[in-house]
Amino acid sequence: MVILDARIPTILWWTPFTGENGVLKTCDIGDDFQASCYFTNERKLYQKTKALLFYGSSFNAWELPPQSPERKRPLWALLHEESPRNTALLQHESALSLFNFSATFSRHSDVPLTLQHLTSLEDLAGHKFLQSWQSKVQFQKEEGLAPVVFIQSDCDTSTDRDSYVQELMKYVKVDSYGSCLQNKMLPESIRDPMSALHSDEFWRFQSKYKFSIAFENGECLDYITEKLWRPLVIGSVPIYYGSPTFKDWLPFKNSTIDVRDYKSPKELAEFILMLDSDEKRYNQLLEHKMQSPERFSSELLLQMLAERKWSVGEKLWNNFETKSLVEVFECYVCQRVHENLKEGESVVKLNHYECPPPVSALTKTTLNNSFWFEQWHQGQFEAQLVKELVETGKVVTQDEFYEIVGQRMVAERKKKK
6 MVILDARIPT ILWWTPFTGE NGVLKTCDIG DDFQASCYFT NERKLYQKTK ALLFYGSSFN
66 AWELPPQSPE RKRPLWALLH EESPRNTALL QHESALSLFN FSATFSRHSD VPLTLQHLTS
126 LEDLAGHKFL QSWQSKVQFQ KEEGLAPVVF IQSDCDTSTD RDSYVQELMK YVKVDSYGSC
186 LQNKMLPESI RDPMSALHSD EFWRFQSKYK FSIAFENGEC LDYITEKLWR PLVIGSVPIY
246 YGSPTFKDWL PFKNSTIDVR DYKSPKELAE FILMLDSDEK RYNQLLEHKM QSPERFSSEL
306 LLQMLAERKW SVGEKLWNNF ETKSLVEVFE CYVCQRVHEN LKEGESVVKL NHYECPPPVS
366 ALTKTTLNNS FWFEQWHQGQ FEAQLVKELV ETGKVVTQDE FYEIVGQRMV AERKKKK
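Heads up, the sequence shown is in my numbering, so the first residue is 6 and it goes up one at a time.
This is how it looks when you write it as structure tokens:
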């Protein structure tokens, strides 16, 4: 096996994430080459570093790497697989453009994580949790189940989710578990969300329902979570609101009910009630359970899963030869370092992390007076300041950083008056 470069570059996790103080990793690059890099979280090795890795949720603007005109800035790489709302400044291009590579929920990322909550095509087509129409009707009659289930404990979201669901409840019966709009208790054995959420028992419980409310915490392009994939896997039709691009990833275009297609919760409820009494039309929404995966209509879904070099869930836990998304991300950066990329050759663009201002699912208007809009708006100022700090090498404390941001926001408001 040929080694690309005899030197071993050092790659530093500036925001410690893997828990590894130092480890030499060898990455397969294509069929004929390997590349080795030394990964560490020891900041004392910064001067020897060829690339810096940042975990989005731990990115602090007041803890930036030191800048020096005598030294070329190392390559920067961003990993963030969590909700975009965790780091508002990363929703703006002035901050994103500081990075050379990314692994985010976007298809445009260097290492796309859009499908991180989907184990395999076989799970989408599988019948492990699928309940027949007749069984679901029986559950409604004998157990008093509603047609629709809502399971959520995060009640304050940037999509104004609870307001929409509360209005929907006026027109169709919804069993609501968890902390938000609760009207029923989960069985005791699956009440602990930390241990139960991914258990077979929990999934079988949810699969009894014909429909599952699946609202994301944000509307970022390609930000799709288990809220969509779990209902699709278990065969409960998702009532979906979230990423505007989600249909690109569906096994079939009619695999979900898109909230945006209906003028109001009342109109949506009328459609749900019609499906609730029409077996043939309901089952059309479960076509992915009746077809083999190779017949799925989404070329993007098929391509991304075929090209994915990392595994999730049981495929990762039960096979030591598979790699995690973090390992693949590290190896991608290692490869690019060995390619001796020139500064400015690769820059993360806004489409790697595209999140519009928060909009209410109910009113379809921007939530201008909400905490979420204020956070998004403040993120603009934070992102611009971070870029300035990196470009000038200026160092600030946490208090100083937020003081400057606050002053600029006040100045903007005065200009608008």
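Where a beta carbon is used, it is the ideal one built from N, C-alpha and C, also for glycine. Treat the numbers as computed from the prediction; the structure is a model and nothing was measured.
(request) State the DSSP-derived secondary structure class of Leu4, mapped to helix, strand or coil. (result) Nothing about residue 4 can be reported from this structure: the residues present for the chain run from 6 to 422 only.
(request) With DSSP as the reference, label Ser41 as helix, strand or coil. (result) Three-state result, Ser41: strand.
(request) Look up Ile229 in the DSSP assignment and say whether it is helix, strand or coil. (result) Looking at Ile229 - three-state DSSP - the assignment turns out to be coil, as it is neither helix nor strand.
(request) For Glu292, collect the residues of the same chain with a Cβ closer than 6 angstroms to its Cβ; drop the 5 residues on either side in sequence, then sort them by chain order. (result) If we look at Glu292 and ignore the five residues flanking it on each side, its Cβ neighbours are Phe257.
(message) With H, G and I counted as helix, E and B as strand and the rest as coil, what does DSSP make of Cys336?
(response) Cys336: helix per DSSP, three-state reduction.
(request) Please classify Asp1: is it buried, with 16 or more other beta-carbons within 10 angstroms of its beta-carbon, or exposed? (result) Residue 1 lies beyond the residue range present for the chain, which begins at 6 and ends at 422; the question has no answer from this structure.
(request) With DSSP collapsed to three states, give me the class of Ser63. (result) Here Ser63 sits in helix by DSSP.
(request) Look up Ile195 in the DSSP assignment and give the residues it is bridged to. (result) Under DSSP, no beta-bridge partner is assigned to Ile195.
(request) In the DSSP assignment, find the unbroken beta strand (DSSP E) run with Tyr182 in it and report its ends. (result) That run of the beta strand (DSSP E) goes 179-182.
(message) Do Leu80 and Val342 have their beta-carbon atoms positioned less than 8 angstroms apart in this structure?
(response) Remark: C-beta atoms of Val342 and Leu80 approach each other more closely than 8 angstroms.
(message) Just verifying my parser: in three-state terms, what is the DSSP assignment at Pro74?
(response) Taken through DSSP and simplified to helix, strand or coil, Pro74 comes out as coil.
(request) Please report how far the alpha carbon of Thr370 lies from the alpha carbon of Gln380, in whole angstroms. (result) Cα atoms of Thr370 and Gln380: separation of roughly 17 angstroms, rounded to the nearest angstrom.
(request) Assign Arg418 to one of two classes, buried (16 or more other C-beta atoms within 10 Å of its C-beta) or exposed (fewer than that). (result) Exposed.
(message) Here's the rule I'm using: 16 or more other beta-carbon atoms within 10 Å means buried, otherwise exposed. How should Asp205 be labelled?
(response) Counting of Cβ neighbours within 10 angstroms places Asp205 among the exposed residues, the total staying below 16.
(message) For the structure I just gave you, are there three or more beta carbon pairs, one from the segment 374-394 and one from the segment 167-185, closer than 8 angstroms?
(response) The segment 374-394 makes no contact with the segment 167-185: fewer than 3 CB pairs, one atom from each, lie closer than 8 angstroms.
(message) On the CB-based measure, 16 or more other CB atoms within 10 Å of its CB, does Glu221 come out buried or exposed?
(response) Classification for Glu221: buried.
(request) Tell me, please, whether the segment 281-288 touches the segment 181-188 by the rule of three or more beta-carbon pairs shorter than 8 angstroms. (result) They do not touch, by the three-pair rule.
(request) Report buried or exposed for Asp404, applying the criterion of at least 16 other Cβ atoms within 10 angstroms of its Cβ. (result) Exposed: under 16 other Cβ atoms inside 10 Å.
(message) Here's a check: name, in chain order, each residue in its chain whose Cβ is nearer than 7 angstroms to the Cβ of Pro117, leaving out the five neighbours to either side.
(response) Cβ neighbours of Pro117 beyond the five flanking positions: Ser111, Met309.
(message) Rounding to the nearest angstrom, what Cα-Cα distance links Phe22 and Thr45 in this structure?
(response) Spanning the two alpha carbons is a distance of roughly 10 angstroms.
(request) Within 10 angstroms of the Cβ of Thr368, are there 16 or more other Cβ atoms? Answer buried if so, exposed if not. (result) By the neighbour-count rule (16 or more Cβ atoms within 10 Å), Thr368 is not buried but exposed.
(request) Evaluate the contact criterion for the segment 150-159 versus the segment 212-220: three or more CB pairs, one atom per stretch, below 8 angstroms. (result) The segment 150-159 vs the segment 212-220: in contact.
(message) On a Cα-Cα basis, can you pick out the residue from Pro243, Leu372, Trp67 that is closest to Leu94?
(response) The candidate whose alpha carbon is nearest that of Leu94 is Trp67.
(request) Determine the direct distance from the alpha carbon of Pro71 to that of Ser365, and round the result to whole angstroms. (result) Across the structure, Ser365 and Pro71 are spaced so that their CA atoms are roughly 41 angstroms apart.
(request) Leaving aside the five residues before and after Leu372 along the sequence, list all residues of the same chain whose C-beta is less than 6 angstroms from its C-beta, in chain order. (result) Cβ contact annotation for Leu372 (same chain, cutoff 6 angstroms, sequence separation greater than five): Pro363, Ser365, Phe378, in chain order.
(message) Between the segment 246-261 and the segment 295-304, can you find at least three pairs of beta-carbon atoms closer than 8 angstroms?
(response) Touching, yes.
(message) Does Thr397 come out as helix, strand or coil in the three-state DSSP assignment?
(response) In the three-state reduction of the DSSP assignment, Thr397 falls in the helix class.
(request) Just confirm the distance between the C-beta atoms of Val238 and Phe134, as a whole number of angstroms; I'd bet it's less than 8 angstroms. (result) By a beta-carbon distance limit of 8 angstroms, Val238 contacts Phe134. Their separation comes to about 7 angstroms.
(message) Which residue marks the beginning of the alpha helix (DSSP H) containing Ala311, and which one marks its end?
(response) Unbroken alpha helix (DSSP H) run through Ala311: 304-312.
(message) Would the segment 119-136 count as touching the segment 92-107 if we require 3 or more Cβ pairs under 8 angstroms?
(response) Cβ pair count under 8 angstroms is below three, so no.
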